[in-house]
């Protein structure tokens with residue numbers, strides 16, 4: 001005889017009937033549809049500079065974010081995969097060209113409908129490179145692409161000498177942005193220790209590593225100072241210090257001499273010339289004379305394209321051939337000549 005508690009038209013878990021049959025056990029609750037919402041969202045792993053962190057909900061910026069994408073969820077492998085699916089060309093691929101640590105192939109980038117540059121192809125084997133161009137030429141955008149904090153709108157950025165994928169490459173990349181908003185109450189040493197943690201420096205080595213980069217940036221006497229008490233030049237040197245943590249193989253510096261006095265600019269050049277473990281150095285600057293003592297190669301961006309890519313001596317010879325103007329260096333003359341030659 002069928003159970004009256006579970007017959008057609010009867011709800012599960014209803015009261016027993018007069019026949020004395022025991023009530024049936026409530027059925028398991030149906031699984032929530034994948035598209036439905038819940039009060040508490042599960043945590044999801046986010047890769048930050050090689051570390052696996054957990055953030056709740058849809059937040060992509062964990063507490064203590066360094067800005068410019070350094071601790072953003074855009075570093076996660078899932079974000080890279082989504083970007084690759086959106087494009088007909090993969091964002092990042094492995095390459096057999098092991099001579100270049102970093103390479104851009106037909107890369108273009110746009111902000112809304114404004115093109116910064118288009119069809120840029122560059123390779124960076126070991127060496128020291130200076131990046132020049134007028135304001136808005138795309139120097140900062142190019143550096144952010146190489147630092148993996150920005151995805152290209154078109155083309156591909158490859159890291160054949162750093163493991164191939166951005167998640168593997170960023171362990172070996174040091175990036176100094178033009179500016180970085182930090183809490184004014186944050187101490188210099190605490191900030192550097194935080195960056196050392198992000199870069200997975202072992203706990204036992206963090207103190208020594210922070211001391212090393214403080215000395216490189218001439219900030220030893222300010223390690224207990226708060227960010228709010230630093231001058232503009234000291235703030236720039238702090239950003240340089242955090243870029244040097246972990247002895248990066250690729251060092252990207254965006255206007256590192258801006259705001260430094262002449263003595264500090266000379267010291268920075270000496271530090272760059274003797275940087276331990278740096279295989280590729282890419283420095284952007286408006287002052288070509290600051291680059292000449294440090295770099296061997298100059299790349300100039302202008303009018304959405306590469307206007308010059310050659311040796312420092314080649315740039316100087318180009319300027320010598322141009323009609324000299326009193327007080328203008330050969331490098332500045334070459335810069336102006338390249339601007340006027342664009343079509």
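Residue numbers (UniProt numbering): 1 to 343.
Here a beta-carbon is modelled for each residue, glycine too, at the ideal position from N, C-alpha and C.
Predicted model only: the values in this text are computed from it and were never measured.
When rounded, the separation of the alpha-carbon atoms in residue 226 and residue 290 is 30 angstroms. Setting aside the 5 residues that flank it on each side, residue 125 is surrounded in the same chain by 99 and 100, each with a C-beta closer than 6 angstroms to its C-beta; the list follows chain order. A Cβ-Cβ contact shorter than 8 angstroms links residue 254 with residue 143. Taking C-beta separations shorter than 6 angstroms and ignoring five residues to either side along the sequence, the partners of residue 107 in its chain run 120, 152 and 155, following chain order. Separation of residue 312 and residue 298 (C-alpha to C-alpha, rounded to the nearest whole angstrom) is 6 angstroms. Judged by their CB atoms, residue 159 and residue 102 are nearer to each other than the 8 angstroms cut-off.
Contact annotation: the segment 188-198 touches the segment 210-226, with at least three C-beta pairs closer than 8 angstroms.
The Cβ atoms of residue 267 and residue 218 sit closer than 8 angstroms to each other.
Excluding its 5 nearest sequence neighbours in each direction, residue 172 has C-beta neighbours in its own chain below 7 angstroms: 162, 248, 249 and 250, listed in chain order.
Looking at 279, 304, 317 and 179, the one whose alpha-carbon comes closest to that of residue 137 is 304. Nearest to residue 184 by alpha-carbon distance, out of 214, 206 and 232, is 232. Taking 3 residues as the shortest admissible run, the segment 232-287 contains the following complete beta strand (DSSP E) segments, listed from N- to C-terminal end: 250-254 and 280-284. The C-beta of residue 321 has fewer than 16 other C-beta atoms within 10 Å across all chains shown, which makes the residue exposed. Scanning 128, 118 and 301 for the CA closest to the CA of residue 280 turns up 128. Put simply, the backbone Cα of residue 116 is about 12 angstroms away from that of residue 133. Taking every protein chain shown into account, the CB of residue 196 has 16 or more other CB atoms within 10 angstroms, so this residue is buried. Judged by DSSP in its simplified three-state form, residue 118 adopts strand. With fewer than 16 other CB atoms across the displayed protein chains lying within 10 angstroms of its CB, residue 340 is exposed.
In the DSSP assignment, residue 148 forms no beta bridge with any residue.
Scanning 329, 286, 277 and 260 for the CA closest to the CA of residue 139 turns up 286. Restricted to the segment 133-203, the alpha helix (DSSP H) segments that are unbroken, complete and at least 4 residues in length are 139-146, 166-169 and 188-198, listed in chain order. Boundaries of the beta strand (DSSP E) harbouring residue 307: 305-311, taken from the DSSP string. Rounded to the nearest whole angstrom, the CA to CA distance from residue 157 to residue 178 is 22 angstroms. Taking 8 angstroms as the cut-off, the beta carbon of residue 316 is found no closer than this to the beta carbon of residue 294. Rounded to whole angstroms, the separation of the alpha carbons of residue 338 and residue 306 is 10 angstroms.
Taking the C-beta atoms as reference points, residue 130 is found nearer than 8 angstroms to residue 283.
Residue range 102-111 is occupied by the beta strand (DSSP E) that includes residue 103.
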